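Enquirer:
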Amino acid sequence: MVDAVRTQMLTKHYRAADVVTNVNLTVKKGEIYGFLGPNGAGKSTVMKMLLGLVRPTGGEVELFGEKLIPGSVEHLKRIGHLIETPAFYERMTARENLELHAEYMGYHVRESIDEALQMVQLLGVEGKPVKQFSLGMKQRLAIARAISTRPELLLLDEPINGLDPEGIQLMRGLFRRLRDEWGISILISSHLLSEIEQVADTIGVIDGGRLLKEVSLEELRASKTDYIEITTAQASLAAYVLTEKLGLERFKQIGERTLRVYDTHVPQETLSKTLILNEVPIESINRRHHTLEEYFFDMVKGGDNHAASRQAGA
Amino acid sequence: MLHLVKLELKKGSLRGYVYGALIAYAAIAAFLLLLYFFEGSDSSAPAFGSQLEILGIVNTMVGATFVVYSSALLSRLVIGEFKDKTMALLFAYPVNRKQLIFAKLSIVFAWCFANIVIGNIVIDAIMLTVNHYTGMVGGELSGSQLMQHVGFVLLQGVGAAGMSLLPLLVGLPRRSVPATIVSSIFIVSIINSNNGGFSLSSIIAIPLSLAAVGIFGAYLSFRNIDKADVA
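Respectively, the protein sequence lines represent chains A and B. Residue numbers for the first sequence follow this note's numbering, so the first one is 459 and each next one is one higher. Residue numbers for the second sequence follow this note's numbering, so the first one is 0 and each next one is one higher.
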């Protein structure tokens, strides 16, 4: 099957800064691709390059299996998008904006506008000028506009911004529905893992303009590392016992009182029994999973970038 | 192409501009009538030497007004879209970018030309009618003089409409509405300083070369738009 998006060594350098460097990204047909990275990581720039709004300084883009030629516009008929802030002709009504969009896109199916408005639950206010809309409503309208021409590929840059929890819930459902019922491929960017973890099939992590990792969530959940966490007042004694009595090597001391044992072939009971027999005071001992959050945080931190600390704060 | 122009008009909601043009006509007519009545009776020499001179002054004023007015429209249609970030939206449509800009510029060109022609007709009619009853400016206005003036107005209109696009060369790189309008005022002063000569060749050559310069300058401003990043 042909991939919806494939970039090879995609690069954008401005005179002073490298914004995007050698990004190889693949969005398979009919999947939701979560594009994760802190603010300023280059997510928007990559999406703009896919749309042709920004010209790459290196590498190439393939959409629907065809190489993107500068100046070509035909493929844009098959793409719906929401990049950065939702921009509208504010004096016109919501419906007029969607009609105008359909005219420019060359898509003439009247019902599709009603359908799109209904999907984002904006029916009833479509006759109001957009300038009266709140940010959340504009965001919804922008999503309605993007899907109103039944695209094959949706590029959504931080689509959850400004939405209330109910709206977020609605959008999640909508994205899944678009994928499952219409077979749309969706590229969603976000700086919050929790936002896209629930909908994405694949997650690509970008930081400092580099794609650090591209991983399918299914794969990730299967390979998620388990460990046993031991909290004790005498961590060094416990470490000694683990090495000498049990022959364990794969463990790590976290802080002063915590040990993480990654060798899971030794059962938890044996572990606690041996520690107690060797007079190590145990406060708690638990089996744990690495959360996705930790996984990605480690990865971004591993990339040795200051942005990582901002990511933690987000 | 025509479709693009239609879409531009649809979203532009240009009704306000039409009212603005009517107000501009009224203001020019009022100003000229003021000159006609008060300047003329007060001093020994009347404000206007002949009826043809009246028509010439009307044409100058209408031309100057609508070149500046058109720059406001130009700002709205081109620079305003960049400011409102709707240009990124337009450029992500399956439409050639140059055609999009071209549609916008042809609206400005047509707007400027149409207003100069209509403005001349309306205000000339007012002035000549008033003069017909008061008879303050004497002398005959022959048919051939009138025809020559019509030709002059049409050619001047083309020249002014072409020139009205030139502010884009200054305004577009800066994405600045004030720069666009200020440069249009400069352009007006250039056009009007060229109004002295009345030989036939200058009547034809000057407006047409002005139009060519204006259109070419506007083209220069968006020549690389296909390669430009729209941030």
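Just so you know, even glycine gets a beta-carbon here, dropped at the ideal spot from N, CA and C. None of the values given here were measured: they were computed from a predicted structure.
Only counting the same chain, and skipping five residues up and downstream in sequence, which positions put a Cβ closer than 7 Å to that of S198(B)?
Expert: The residue given as residue 198(B) occupies position 199 in the second sequence. In this prediction, S198(B) has a pLDDT of 48, which is less than 50 and means its spatial position is unreliable; what the coordinates show is noted afterwards. Counting only Cβ-Cβ distances below 7 Å, and skipping sequence neighbours, we find nothing.
Enquirer: Rounding to the nearest angstrom, what Cα-Cα distance links T64(B) and A23(B) in this structure?
Expert: Locating residue 64(B) in the second sequence gives position 65, where the first residue counts as 1. Locating residue 23(B) in the second sequence gives position 24, where the first residue counts as 1. Roughly 8 Å between the two C-alpha positions.
Enquirer: Chain A beta carbons: is any one of them nearer than 9 Å to that of V94(B)?
Expert: One-based indexing of the second sequence puts residue 94(B) at position 95. Yes, contact with chain A.
Enquirer: Counting only Cβ pairs nearer than 8 Å, list the residues of chain A close to V17(B).
Expert: Taking the first residue of the second sequence as 1, we reach residue 17(B) at position 18. Those within 8 Å of V17(B) in chain A number zero; the least Cβ separation is about 16 Å.
Enquirer: Over what stretch of residues does the beta strand (DSSP E) that includes V719(A) continue unbroken?
Expert: Counted from its first residue, the first sequence places residue 719(A) at position 261. Note, V719(A): beta strand (DSSP E), 716-719.
Enquirer: Is T479(A) close to chain B? Criterion is C-beta to C-beta, closer than 9 Å.
Expert: Here the question's residue 479(A) lines up with position 21 in the first sequence. False, the Cβ-Cβ gap to chain B never drops below 9 Å.
Enquirer: So which residues on chain B does L534(A) lean against when the C-beta distance must stay under 9 Å?
Expert: In the first sequence, residue 534(A) corresponds to position 76, counting from 1. Near L534(A) (Cβ distances below 9 Å), the residues of chain B are A91, Y92, P93, V94.
Enquirer: Can you look up L99(B) in the DSSP assignment and give me helix, strand or coil?
Expert: Locating residue 99(B) in the second sequence gives position 100, where the first residue counts as 1. Three-state DSSP puts L99(B) in a helix.
Enquirer: Under 8 Å between beta-carbons, which chain B residues line up against T543(A)? List them in chain order, please.
Expert: The count along the first sequence starts at 1 and reaches residue 543(A) at position 85. Simply K84.
Enquirer: Would you report the Cα separation of E532(A) and R473(A), rounded to the nearest angstrom?
Expert: In the first sequence, the residue the question calls residue 532(A) occupies position 74. In the first sequence, the residue the question calls residue 473(A) occupies position 15. Going by the C-alpha atoms only, they are around 30 Å apart.
Enquirer: Start and end of the alpha helix (DSSP H) containing K731(A)?
Expert: What you label residue 731(A) is simply residue 273 of the first sequence in a count that begins at 1. Residues 726-735.
Enquirer: Going by DSSP in three states, I642(A) sits in which element: helix, strand or coil?
Expert: Within the first sequence, the letter at position 184 stands for residue 642(A). In this structure, I642(A) counts as coil in the three-state DSSP scheme.
Enquirer: Under 7 Å, CB to CB, which of the residues in the segment 607-635 of chain A have a partner in chain B?
Expert: For the segment 607-635 of chain A, which is checked against every Cβ of chain B, not one residue is closer than 7 Å.
Enquirer: Which residues of chain B have a Cβ atom closer than 7 Å to the Cβ of E561(A), listed in chain order?
Expert: Sequence index remark: in the first sequence, residue 561(A) carries index 103 (1-based). Within chain B, the residues near E561(A) are L6.
Enquirer: Could you give the distance in angstroms between the alpha-carbon of R475(A) and the alpha-carbon of D615(A)?
Expert: For the purposes of this step, residue 475(A) is identified with residue 17 of the first sequence, where counting begins at 1. For the purposes of this step, residue 615(A) is identified with residue 157 of the first sequence, where counting begins at 1. As written in the sequence, residue 475(A) is Ala, which differs from the Arg given in the question. Approximately 22 Å, taken between the alpha carbons.
Enquirer: With distances taken from CA atoms, which of T503(A), K470(A), I490(A) is nearest G631(A)?
Expert: Position 173 of the first sequence holds residue 631(A). Of the candidates T503(A), K470(A), I490(A), the one whose C-alpha sits nearest the C-alpha of G631(A) is I490(A).
Enquirer: Count the other C-beta atoms from every protein chain shown that fall within 10 angstroms of the C-beta of V460(A), then say buried if there are 16 or more, exposed otherwise.
Expert: Counted from its first residue, the first sequence places residue 460(A) at position 2. Counting Cβ neighbours within 10 Å, V460(A) comes out exposed, since fewer than 16 surround it.
Enquirer: Exposed or buried, which one is Q155(B) when buried takes at least 16 other CB atoms within 10 Å?
Expert: Against the second sequence, residue 155(B) aligns to sequence position 156. Under this definition Q155(B) is a buried residue.
Enquirer: Step through the CB atoms of chain B and report whether any lies within less than 9 Å of the CB of F755(A).
Expert: Residue numbering aside, residue 755(A) sits at position 297 when the first sequence is read from its first letter. False, the Cβ-Cβ gap to chain B never drops below 9 Å.
Enquirer: Ends of the alpha helix (DSSP H) at R598(A)?
Expert: Along the first sequence, one-based indexing puts residue 598(A) at 140. Counting along the chain, the alpha helix (DSSP H) containing R598(A) begins and ends at 593-605.
Enquirer: Can you pull the chain A neighbours of A26(B), defined as C-beta to C-beta under 7 Å?
Expert: Taking the second sequence and counting its residues from 1, one reaches residue 26(B) at position 27. Those within 7 Å of A26(B) in chain A number zero; the least Cβ separation is about 26 Å.
Enquirer: For D615(A), write down the residues that DSSP places opposite it in a beta bridge.
Expert: Start at 1 with the first residue of the first sequence, and residue 615(A) comes out as number 157. Bridge partners of D615(A): S647(A).
Enquirer: Going by alpha carbons, who is nearest to I125(B) out of L54(B), L207(B), I203(B)?
Expert: On the second sequence, position 126 is the one that residue 125(B) refers to. I125(B) has its Cα closest to that of L54(B), out of L54(B), L207(B), I203(B).
Enquirer: Just the C-alpha distance for V657(A) and L76(B), rounded to the nearest angstrom, thanks.
Expert: As a working mapping, residue 657(A) is identified with position 199 in the first sequence. As a working mapping, residue 76(B) is identified with position 77 in the second sequence. Roughly 40 Å between the two C-alpha positions.
Enquirer: Alpha carbon to alpha carbon, how far is I654(A) from S648(A)?
Expert: As a working mapping, residue 654(A) is identified with position 196 in the first sequence. As a working mapping, residue 648(A) is identified with position 190 in the first sequence. Cα-Cα distance, rounded: 7 Å.
Enquirer: Flag L1(B) as yes when its Cβ comes closer than 8 Å to any non-hydrogen atom of the ligand NAD, and as no otherwise.
Expert: This structure does not include the ligand NAD; it has no bound ligands of any sort.
Enquirer: Go through its chain and collect everything with a Cβ distance to P528(A)'s Cβ below 8 Å, but skip five positions before and after it.
Expert: For this step, residue 528(A) is matched to residue 70 along the first sequence. Cβ within range, chain order: G510, R513.
Enquirer: Could you pull out every residue in the same chain whose Cβ sits closer than 6 Å to the Cβ of D225(B), ignoring the five residues on either side in sequence?
Expert: Working through the second sequence from its first residue, we reach residue 225(B) at position 226. The answer, listed in chain order, is R96.
Enquirer: Closer than 8 Å by beta-carbon distance: list the chain B residues that pair up with D539(A), in chain order.
Expert: By one-based count along the first sequence, residue 539(A) stands at place 81. Position check: residue 539(A) holds His in this sequence, whereas Asp was assumed. Those within 8 Å of H539(A) in chain B are A91.
Enquirer: Mapping the DSSP letters down to three states, classify S175(B) as helix, strand or coil.
Expert: On the second sequence, residue 175(B) is found 176 positions in, with the first residue counted as 1. Coil.
Enquirer: Closest to L51(B) by C-alpha separation, out of K10(B), K5(B), L167(B), G142(B), would be which residue?
Expert: As a position in the second sequence, residue 51(B) is number 52, starting the count at 1. That would be G142(B), whose Cα lies nearest to the Cα of L51(B).
Enquirer: Assuming D572(A) is part of the alpha helix (DSSP H), what are its boundary residues?
Expert: Reading the first sequence from its first residue, position 114 is the one you call residue 572(A). Residues 569-577.
Enquirer: Check the Cβ-Cβ distances between S198(B) and every residue of chain A, and say whether any is below 9 Å.
Expert: On the second sequence, residue 198(B) is found 199 positions in, with the first residue counted as 1. Confidence at S198(B) is low in this model, with a pLDDT of 48, below 50, so its placement is unreliable and no value can be given for it.
Enquirer: With 9 Å set as the bound, which would you pick, yes or no: does the beta-carbon of K103(B) sit closer than that to a beta-carbon of chain A?
Expert: On the second sequence, position 104 is the one that residue 103(B) refers to. Not one chain A Cβ lies under 9 Å of K103(B).
Enquirer: Is there a Cβ from chain B that is less than 9 Å from the Cβ of L468(A)?
Expert: The count along the first sequence starts at 1 and reaches residue 468(A) at position 10. Closer than 9 Å: no.
Enquirer: Spatial neighbours of L140(B) within its chain, please: CB distance less than 6 Å, with the 5 preceding and 5 following residues excluded, ordered by chain position.
Expert: Your numbering for residue 140(B) matches position 141 in the second sequence. Closer than 6 Å at Cβ, skipping near neighbours: Q50.
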